[in-house]
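Count along the sequence shown from 1, add 14, and you get the number used in the working numbering.
Ideal Cβ positions, reconstructed from N, Cα and C, are used throughout, including at glycine.
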Amino acid sequence: MRGMLLLPPLLLRRPRPPPGLRRLCSAGAASAAPAAPGKSETGSQLNIQPTFGFLFDIDGVLVRGKTPIPGARKAFQKLLNSQGEFSVPVVFVTNAGNCLRQKKADQLYHILGVPISQDQVMMSHSPLRMFRRYHDKCVLVSGQGPLLDIAKHVGFCQPITIDRLRENFPLLDMVDHDRRPKVSHPPEVELPKIEAIVLFGEPVRWETNLQLIIDVLLTSGYPGNPYAQATHPHIPVLACNMDLMWMAEAQSPRFGHGTFMVCLENIYKKITGKELKYEALMGKPSELTYHYAEYLIRTQATAKQWKKPIQTLYAIGDNLMTDIYGANLYNRYLQEKNSRRGSKARIQAKAAGGSRSATVSQEEELENTWESELAPATATSCRSVLVCTGVYSPHTEVPSDTRECITETVFHGHRDFRFDPALVEPNHIVPDVEAAVDLIFQLENFAPNENYRTP
Ligand SMILES: [Mg+2]
């Protein structure tokens with residue numbers, strides 16, 4: 015199961031009443047047959063244009079391994095109108111990253127039985143499209159799979175792989191004796207300066223990638239040169255998918271890209287005495303990922319010419335530490351942004367009234383660089399919905415007071431993300447994805463496709 019982060023073991027030791035039991039019951043009510051078309055159970059008019067959108071995690075929500083999760087197909091039938099088109103905006107948000115979006119869209123079509131466009135699929139690397147200032151620069155890419163295709167697909171014009179760098183500078187990769195160069199003075203082709211490093215995912219030969227990435231960082235992009243004295247701040251590093259571990263067929267979790275990043279961060283710190291800094295971290299639970307997903311949702315709504323703005327996002331996932339943490343973190347971001355927007359408007363109004371020479375610039379938001387790439391979010395909230403078909407089990411014991419044992423916690427999130435118990439508390443817990451869709455339609459008073467009412 016890609017994207018899994020472990021719930022810290024020490025968070026599992028004491029029982030408390032199942033946190034979502036009440037909400038599970040409400041979800042059960044939601045799956046009851048809806049009222050007559052056009053009317054809600056209370057008799058009020060149902061909404062026919064959505065003001066909300068769905069963000070679906072894939073592994074543990076729609077599929078386990080290669081097996082579709084029961085209810086997933088039915089859930090997606092409910093999302094279609096009578097013409098077979100989505101009646102609500104839908105984006106799939108996965109931390110996987112070693113294939114192109116079209117391939118993932120094709121896989122989803124086979125799982126769900128409904129046509130999925132690649133524009134509805136978000137891989138962990140998809141937000142790299144926002145980093146246009148690096149697109150025309152020579153960047154080093156690290157990972158596996160069709161890396162050059164993926165890099166070009168998200169906009170990079172001059173990606174260079176680790177293998178290409180290794181061929182060009184064969185004296186650098188010395189760990190594996192069998193792969194050391196056979197000739198003493200290999201030819202070197204002139205390569206342009208490497209201006210950024212993009213970590214797409216875990217590579218195959220970790221020692222080679224770690225060595226060459228460190229070389230590029232400590233030579234400011236000229237790995238054939240000796241290490242420079244002053245290379246801090248280093249050239250920008252952008253990283254996708256921070257998952258420390260993930261669940262495959264083995265009994266225990268396997269190393270993910272997050273583990274590779276831990277190695278790189280620690281080697282860099284040990285050698286330089288300084289922290290490795292990321293220009294951007296993407297993939298769940300980063301805000302940047304949800305910001306981009308919101309943009310994709312908005313784009314779908316615009317294409318459908320739906321007049322009302324999309325105000326609420328529902329993020330459905332099976333993992334507390336990625337899906338729920340990420341959705342709640344983005345919700346916090348949206349709320350803070352809205353309150354800043356409100357105070358800014360008040361200052362503007364005050365300044366316009368001449369009460370004092372307040373300048374908006376004093377209150378100017380310190381925007382993240384990625385925020386300026388997309389129009390501001392129209393969503394005002396992001397609700398987290400946990401399903402019980404994947405990593406999370408409703409029978410898992412959680413502590414009565416998470417704060418009490420926070421100091422003992424082993425946090426498997428990335429170094430730059432703080433553990434906050436409030437962020438792993440879902441807004442809703444439901445048995446599966448079908449119950450999630452039912453619940454959300456009920457919460458939104460939304461009139462779904464009538465077809466689904468027929469068993
Ligand atoms: Mg999952």
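Buried or exposed: where does residue i fall if 16 or more other Cβ atoms within 10 Å of its Cβ makes it buried?
i    : result
V189 : exposed
K118 : buried
T316 : exposed
T81  : exposed
A449 : buried
L185 : exposed
G98  : exposed
I83  : buried
H271 : buried
Y123 : exposed
K196 : exposed
A89  : buried
Q314 : buried
P48  : Its pLDDT being 41, under 50, P48 is placed unreliably by the model, and nothing is read from it.
S369 : Bear in mind that the predicted position of S369 carries a pLDDT of just 43, short of 50, making it unreliable; the figure below should be weighed with that in mind. Classification for S369: exposed.
P240 : exposed
P440 : buried
Tell me which same chain residues have a C-beta within less than 8 Å of the C-beta of residue i, skipping the five on either side of it?
i    : result
E279 : E289, L290, R429
L93  : F68, F100, S101, V102, V104, V128, V451, P462, N463
I225 : Per the sequence shown, the amino acid found at residue 225 is Gln instead of Ile. If we look at Q225 and ignore the five residues flanking it on each side, its Cβ neighbours are L186, D187, M188, V189.
Quick check: residue i and residue j, are their CB atoms within less than 8 Å of each other?
i    : j    : result
T222 : D192 : no
V405 : H442 : no
Y282 : S140 : no
F460 : P173 : no
T394 : N352 : yes
G215 : C254 : yes
E301 : L343 : yes
R268 : M259 : yes
L310 : P237 : no
N182 : V212 : no
T175 : M137 : no
T273 : P323 : no
S156 : P217 : yes
D337 : T403 : no
I330 : D71  : yes
V447 : G85  : yes
Y304 : L252 : no
A436 : C396 : no
L154 : V230 : yes
L126 : L76  : yes
Quick check on residue i: does DSSP put it in helix, strand or coil?
i    : result
Q172 : strand
F455 : helix
V128 : coil
F431 : coil
A46  : Any reading at A46 needs caution, since the residue's pLDDT is 37, under 50, leaving its predicted position unreliable; the model's value is listed next. If DSSP states are grouped into helix, strand and coil, A46 belongs with coil.
M296 : strand
C402 : coil
M259 : strand
Y328 : strand
H442 : strand
G340 : helix
G67  : strand
V251 : strand
R87  : helix
I281 : helix
V447 : helix
T273 : helix
A436 : helix
D163 : helix
S154 : The sequence given here has Leu at residue 154, not Ser. Of the three classes helix, strand and coil, the one that applies to L154 here is strand, per DSSP.
S386 : helix
P141 : helix
With a CB to CB cut of under 7 Å and the five nearest residues on each side skipped, what residues in its chain are close to residue i?
i    : result
G235 : K207, I208, E209, I249
R143 : V168, G169
G159 : N112, C113
C171 : H149, D150
I164 : L114, H139, F214
A46  : Caution applies to A46, whose pLDDT of 37 falls short of 50 and renders its modelled position unreliable; the value that the coordinates give is listed next. Cβ neighbours of A46 beyond the five flanking positions: none.
R346 : none
Enumerate in chain order the residues of its own chain whose CB-to-CB distance from residue i is below 6 Å, with the five nearest sequence positions on each side excluded.
i    : result
E458 : F66
P247 : none
E387 : M144
I454 : Y328
V135 : F106, R115, K118, A119
T245 : L232, S234
L162 : P173
Closer than 7 Å: is that where the CB of residue i sits relative to any heavy atom of ligand 3?
i   : result
V75 : What this structure holds is ligand 1, not ligand 3.
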